[in-house]
Amino acid sequence: MGKIAGSKNLLRDFGRQVDHVDHQVVGWMHKWGHDLEGIGLAIVFFWFGMLKVMGEVSATSIIAKTVYFGDPETMVVVLGLWEAMIGVCFLFRPLNRIAIALLIVRLPGTALALVLKFDECFEGNILVPTIQGQYLIKDMTLVGAALVIGSTVRVRQRARMMRRSGLAQKRLESIGQIGDSQRDDA
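No gaps in the numbering here: position 27 of the sequence shown is 27 in the working numbering, and each next residue is one more.
As structure tokens, this is what we get:
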């Protein structure tokens with residue numbers, strides 16, 4: 001019986017240690033994940049957007065051929081500038097909503113290209129995308145990442161307001177403006 005009880009304690013202790021490490025890792029991811037995701041999106045959109053502006057070959061040309069607002073060469077530059085603006089907006093948290101709006105406006109062009117230019121996006125089978133198709137599919141995934149960032153905008157504002165109200169309460173306590181009976185109500 002002693003060995004079994006010792007083994008159970010050892011497993012319980014190990015489980016607690018794993019749980020502690022898990023809490024630390026999840027806390028770190030919660031603290032830094034959205035910021036790193038925003039920076040990553042900013043880099044990708046600005047970098048790839050500027051490549052288009054500078055005339056580098058890009059899978060976006062397929063979108064420019066799908067959305068008929070003008071000459072495809074001009075549209076690639078316009079889309080490049082659009083992407084660069086998305087990147088800049090992701091760098092500054094107050095502009096994240098604008099970045100998401102710009103990205104959502106661009107999304108129909110991506111989806112249309114996948115449907116209307118099927119032969120250029122897939123190698124005969126929807127499970128085998130071409131390089132251009134892979135790029136467009138990744139673009140759609142980036143929209144999901146952007147929406148995750150967008151979902152935190154109000155949470156961060158609420159947290160800031162709570163911190164500010166907590167600081168205000170501490171200041172009032174420190175100068176004796178709030179008594180013990182008022183603390184619970186504040």
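Using N, Cα and C, we set each Cβ at its ideal position, and we do this for glycine too.
Please identify the residue among the options whose C-alpha is closest to the C-alpha of residue i.
| i | options | result |
| --- | --- | --- |
| Asp35 | Pro94, Val67 and Glu73 | Pro94 |
| Ser62 | Ala146, Cys89, Val18 and Leu114 | The question names Ser, but residue 62 in the sequence shown is Ile. If we check each option's Cα against that of Ile62, Leu114 comes out closest. |
| Met140 | His30, Leu41, Val25 and Leu11 | Leu41 |
| Leu142 | Leu112, Cys89 and Gly38 | Gly38 |
| Gly33 | Ala145, Ala159 and Phe92 | Ala145 |
| Val155 | Lys31, Pro72 and Cys89 | Lys31 |
Tell me which same chain residues have a C-beta within less than 7 Å of the C-beta of residue i, skipping the five on either side of it?
| i | result |
| --- | --- |
| Val77 | Lys52 and Val53 |
| Cys81 | In the sequence on display, residue 81 carries Leu and not Cys. Gly49 and Val53, listed in sequence order. |
| Pro129 | Cys121, Phe122 and Ile137 |
| Phe69 | Met75 |
| Leu79 | Lys52, Thr60, Ile63 and Ala64 |
| Val153 | Asn96 and Arg97 |
Can you tell me the Cβ-Cβ gap for residue i and residue j, rounded? I've got them flagged as a contact below 8 Å.
| i | j | result |
| --- | --- | --- |
| Gly133 | Phe122 | 5 Å |
| Phe45 | Gly87 | 3 Å |
| Gly150 | Arg106 | In fact, because the Cβ distance is near 15 Å, the residues do not count as touching under 8 Å. |
| Lys65 | Lys138 | With 8 Å as the limit, Lys65 and Lys138 do not qualify as a contact, their Cβ atoms being about 19 Å apart. |
| Leu112 | Val57 | Going by Cβ atoms, the distance from Leu112 to Val57 rounds to 21 Å, so no, they are not a contact pair. |
| Leu102 | Met85 | 6 Å |
Identify whether residue i lies in helix, strand or coil by the three-state DSSP scheme.
| i | result |
| --- | --- |
| Phe45 | helix |
| Ser7 | helix |
| Phe69 | coil |
| Asn96 | helix |
| Ala186 | Note that Ala186 scores 42 on pLDDT, short of 50, meaning its location in the model is unreliable and no value can be drawn from it. |
| Val57 | coil |
| Ser165 | helix |
| Thr152 | coil |
Give a yes or no on whether 8 Å exceeds the smallest Cβ distance from residue i to chain B.
| i | result |
| --- | --- |
| Ala101 | In summary, chain B is missing from the structure at hand, where a single protein chain is found. |
Enumerate in chain order the residues of its own chain whose CB-to-CB distance from residue i is below 6 Å, with the five nearest sequence positions on each side excluded.
| i | result |
| --- | --- |
| Ile100 | Ala146 and Gly150 |
| Cys89 | Leu95, Ile98 and Ala99 |
Taking 8 Å as the limit between beta carbons, can you name the residues of its chain near residue i, skipping five residues before and five after?
| i | result |
| --- | --- |
| Val148 | His34 and Glu37 |
| Pro72 | Ser61, Ala64 and Lys65 |
| Asp185 | Residue confidence is low: Asp185 scores 45 on pLDDT, short of 50, so the model does not pin down where it sits. Its coordinate-derived value is still stated next. Counting only Cβ-Cβ distances below 8 Å, and skipping sequence neighbours, we find nothing. |
| Val18 | none |
* Quick one: complete alpha helix (DSSP H) runs, 4+ long, within the region 118-149? -> 118-121
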